[in-house]
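Trainee: Chains as they are written, first to last, in my numbering: chain C, 4 to 569; chain P, 13 to 51. The C-beta atom is built at its ideal place from N, Cα and C for all residues, glycine as well. Sharing a structure below in structure tokens format, with a few things to ask.
Following this line, the structure appears as structure tokens:
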């Protein structure tokens, strides 16, 4: 990184952290600290978007588009529908009951066991996912600066803990507004750079032609299979339920919109998220597609994790050298085929287009075979190394192609995204532990000031736990998928509890509690024993809780009354 | 008893919800067309 990169990085990051601390340092009331209270809808909308957009989004998504095309965008197709349902059903209920956490509502509707179960599932899943959110950018930063992973995780984690603990929920939301701005500017800049480093005469249309021929422009797939992770149907059904669970019942998101001036501001903020999310994610994936085309004309490495590739070269020079020589020939072959295809398109010669397309797909197929062979060889040459390297693709592009200053901005984007999602997470983990466990189970009533103090303490503790977990995380297939899979293991059950609460008015606490335990065991078994795509776990968990609760309810005598309210 | 007329607020909200869904349909349709044109 150049001096200019450092200036951009440090100025952007320091401004947000210091501003967050200074501006919200005196926030001492319980509602102000734990909720935020007076946020307007643009702040809520940006805050909700920033919470979901972790650094993983910017590291993994372009890599995913490079390898697999734009089909991942279908994962978000259910999100706008979920935002409408949340605005209609969830937000009014939370505001009416003036709750601090989503789980508080469950005690009024069912009983304390159900509240603690849902809050506990949240703490487990969010606590683990937050560790992964810290780990992902730590890889990037440690590679750039040569820092040890642990120290990087620690620095990033401590900065977030500092302003989150001092400023509370309001500092989280307000800093997220600025972080989201940095993220959007950085992304647009990266997109322009990807276009500008194409060879002379290759425009965006040409890039789409090449990417399309190699099956990278595939945003909508209407075919249906259960084992396929991303298609229109899994995106609409599974994505809808995952979004409903995530935004409607996950305190890291509920905490964002509970801080609105009133229910109207919160509802508008959620709708803003519903409108902007798919275009934003499609844009990030599109940048990945452009990066893919850039590397058609600039020979890509056979393996994107450079330190591991270097280690493999040292351990098995002849084997890896041989593979890289064949890889070099194959990339030249693909580049030549791509140039032929563009020339054929310019000449509008259908016969030549068909031949060049065939050459291009054959060349890509050849490269895919060599890459697979390289991955096996590298894992054998470097024991303990990971085969998956997609998260390093965008990182490699940034280091190789971004001009001075922009690389610093991109690292600032990664940091902003990390801090925005971690701050929401640790703030909500702290408030849930305080409100749903400590304050609820305390033998004496706690004063507001004491509650704020406890919340600060638990926020620090969860921050440290997340940093600790980050040091144990390793590349799990693809980080963004790992986070989503982890969420899907628990979200279905929690959403099932909430939907039962909202819509199955006769069901009582014991029935839903037992149904939730059985459903969670069912989802974990399906995950362990079948190859069903993870988005379906949300549907399975939700339907199982509601169905089992309905069946059990008449069979179980329950002291608690069924709710007729809300 | 005469039912109360629907307040304008829910009607306005319904319009917002419909707009969100229409925007989503347009965006998905555009993505679909993009895929069809360039595949």
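1. Would you call the region 210–223 of chain C and the region 296–310 of chain C touching, i.e. three or more CB-CB distances under 8 Å?
2. So residue 570(C) and residue 82(C) are in contact, right, with Cβ under 8 Å, and what is the actual spacing, rounded?
3. Mapping DSSP to helix, strand and coil, what is residue 263(C)?
4. Which of the three DSSP states, helix, strand or coil, is assigned to residue 525(C)?
5. Please confirm if residue 140(C) has its CB atom under 8 Å from at least one CB of chain P.
6. Mind checking whether residue 233(C) and residue 397(C) have CB atoms under 8 Å apart?
7. Using only the heavy atoms of the ligand MN, determine whether one of them is closer than 7 Å to the beta carbon of residue 299(C).
8. Among 117(C), 411(C), 18(C), which residue has its Cα nearest to the Cα of residue 499(C)?
9. Kindly list, in the order they appear in chain C, the residues whose Cβ is closer than 8 Å to that of residue 33(P).
10. Hey, would you say residue 182(C) sits closer than 8 Å to residue 53(C), going by beta carbons?
11. Under 8 Å, Cβ to Cβ, is there at least one residue of chain P near residue 551(C)?
12. Is it the case that the Cβ atoms of residue 469(C) and residue 497(C) are separated by a distance below 8 Å?
13. Return helix, strand or coil for residue 555(C), following the three-state DSSP convention.
14. Below 8 Å, how does it come out for the region 21–29 of chain P and the region 278–285 of chain C: are there three or more Cβ pairs, yes or no?
15. Hey, is residue 211(C)'s beta-carbon within less than 8 Å of any beta-carbon in chain P?
16. Of the residues that make up the region 232–261 of chain C, which ones have a beta carbon closer than 7 Å to any beta carbon in chain P?
17. Using a threshold of 8 Å, state whether the C-beta atoms of residue 370(C) and residue 333(C) are closer than that.
18. Can you tell me the Cα-Cα spacing of residue 565(C) and residue 49(C), whole angstroms?
19. Please work out which residues of its chain come closer than 7 Å, Cβ to Cβ, to residue 38(C), disregarding the five sequence neighbours upstream and downstream, and give them in chain order.
20. Could you spell out the range, first to last residue, of the alpha helix (DSSP H) harbouring residue 220(C)?
21. Which residues does DSSP pair with residue 42(C) in a beta bridge?
22. Per DSSP, what kind of secondary structure is residue 480(C) in: helix, strand or coil?
23. Measuring alpha carbon to alpha carbon, tell me which residue in 293(C), 164(C), 235(C) is nearest residue 198(C).
24. According to the neighbour-count rule (16 or more other Cβ atoms, all chains shown, within 10 Å of its Cβ), is residue 206(C) buried or exposed?
25. Would you tell me roughly how many angstroms separate the C-alpha atoms of residue 290(C) and residue 457(C), rounded to the nearest one?
26. Of all the CB atoms in chain P, is at least one closer than 8 Å to the CB of residue 558(C)?
27. Rounded to whole angstroms, what's the CA-CA distance from residue 531(C) to residue 542(C)? Just pull it up for me.
28. Go ahead and label residue 560(C) buried or exposed: buried means 16 or more other beta carbons lie within 10 angstroms of its beta carbon, across all protein chains shown.
Mentor: Here's the rundown:
1. With a cut-off of 8 Å, the region 296–310 of chain C and the region 210–223 of chain C count as touching, because enough Cβ pairs lie within range.
2. No answer is possible for residue 570(C): it lies beyond the span of chain C, which begins at 4 and ends at 569.
3. In the first chain, counting from the first residue as 1, residue 263(C) sits at position 260. Reduced to three states, the DSSP call for residue 263(C) is strand.
4. Here residue 525(C) refers to the residue found at position 522 when the first chain is read from its first residue. Of the three classes helix, strand and coil, the one that applies to residue 525(C) here is helix, per DSSP.
5. Within the first chain, residue 140(C) is the residue found at index 137, counting from 1. No, no contact with chain P.
6. Sequence index remark: in the first chain, residue 233(C) carries index 230 (1-based). Sequence index remark: in the first chain, residue 397(C) carries index 394 (1-based). Between residue 233(C) and residue 397(C), the CB-CB gap reaches or exceeds 8 Å.
7. Looking for the ligand MN in the displayed structure turns up nothing, as the structure carries no ligands at all.
8. Within the first chain, residue 499(C) is the residue found at index 496, counting from 1. Shortest Cα-Cα distance from residue 499(C) to any of 117(C), 411(C), 18(C) involves 117(C).
9. Locating residue 33(P) in the second chain gives position 21, where the first residue counts as 1. Within chain C, the residues near residue 33(P) are 83, 84, 87.
10. To locate residue 182(C), count along the first chain from 1; it is residue 179. To locate residue 53(C), count along the first chain from 1; it is residue 50. Taking 8 Å as the Cβ cut-off, residue 182(C) and residue 53(C) qualify as a contacting pair.
11. Taking the first chain and counting its residues from 1, one reaches residue 551(C) at position 548. No - not a single Cβ of chain P is within 8 Å of the one on residue 551(C).
12. For this step, residue 469(C) is matched to residue 466 along the first chain. For this step, residue 497(C) is matched to residue 494 along the first chain. In this structure, residue 497(C) does not lie closer than 8 Å to residue 469(C) by Cβ.
13. Residue numbering aside, residue 555(C) sits at position 552 when the first chain is read from its first letter. Note: residue 555(C) maps to helix in three-state DSSP.
14. At 8 Å Cβ cutoff, the stretches do not touch.
15. As a position in the first chain, residue 211(C) is number 208, starting the count at 1. Yes, residue 211(C) counts as interfacial toward chain P.
16. Residues: none.
17. As a position in the first chain, residue 370(C) is number 367, starting the count at 1. As a position in the first chain, residue 333(C) is number 330, starting the count at 1. Going by C-beta atoms, residue 370(C) is nearer than 8 Å to residue 333(C).
18. Walking along the first chain from the start, residue 565(C) turns up at place 562. Walking along the first chain from the start, residue 49(C) turns up at place 46. Confidence at residue 565(C) is low in this model, with a pLDDT of 49, below 50, so the placement of that residue should be treated as unreliable; the coordinate-derived value is given next. Rounded to the nearest angstrom, the two C-alpha atoms are 38 Å apart.
19. Numbered from its first residue, the first chain carries residue 38(C) at position 35. Cβ within range, chain order: 103, 172, 261, 262.
20. As a first step, residue 220(C) must be located in the first chain, where it is residue number 217. Premise fails: residue 220(C) is in no alpha helix (DSSP H) and is neither H nor E.
21. Taking the first chain and counting its residues from 1, the one referred to as residue 42(C) is at position 39. BP columns for residue 42(C) point to 263(C).
22. On the first chain, position 477 is the one that residue 480(C) refers to. Caution is warranted here: a pLDDT of 48 is assigned to residue 480(C), below 50, making its placement in the model unreliable, and the coordinate value is therefore given only provisionally. Correct three-state label for residue 480(C): coil.
23. Translated into positions along the first chain, residue 198(C) becomes position 195. Nearest of 293(C), 164(C), 235(C) to residue 198(C), Cα basis: 293(C).
24. Position 203 of the first chain, counted from the start, is the residue given in the question as residue 206(C). Residue 206(C) counts as exposed, since fewer than 16 other C-beta atoms from the protein chains shown sit within 10 angstroms of its C-beta.
25. Here residue 290(C) refers to the residue found at position 287 of the first chain. Here residue 457(C) refers to the residue found at position 454 of the first chain. Each residue's CA atom was taken as its position, placing residue 290(C) and residue 457(C) some 43 Å apart.
26. Position 555 of the first chain holds residue 558(C). Not closer than 8 Å to any Cβ of chain P, the Cβ of residue 558(C) fails to qualify, so no.
27. Within the first chain, the letter at position 528 stands for residue 531(C). Within the first chain, the letter at position 539 stands for residue 542(C). Here the C-alpha atom of residue 531(C) lies approximately 17 Å from the C-alpha atom of residue 542(C).
28. Reading the first chain from its first residue, position 557 is the one you call residue 560(C). The Cβ neighbour count for residue 560(C), taken over all protein chains shown within 10 Å, is under 16; the residue is labelled exposed.
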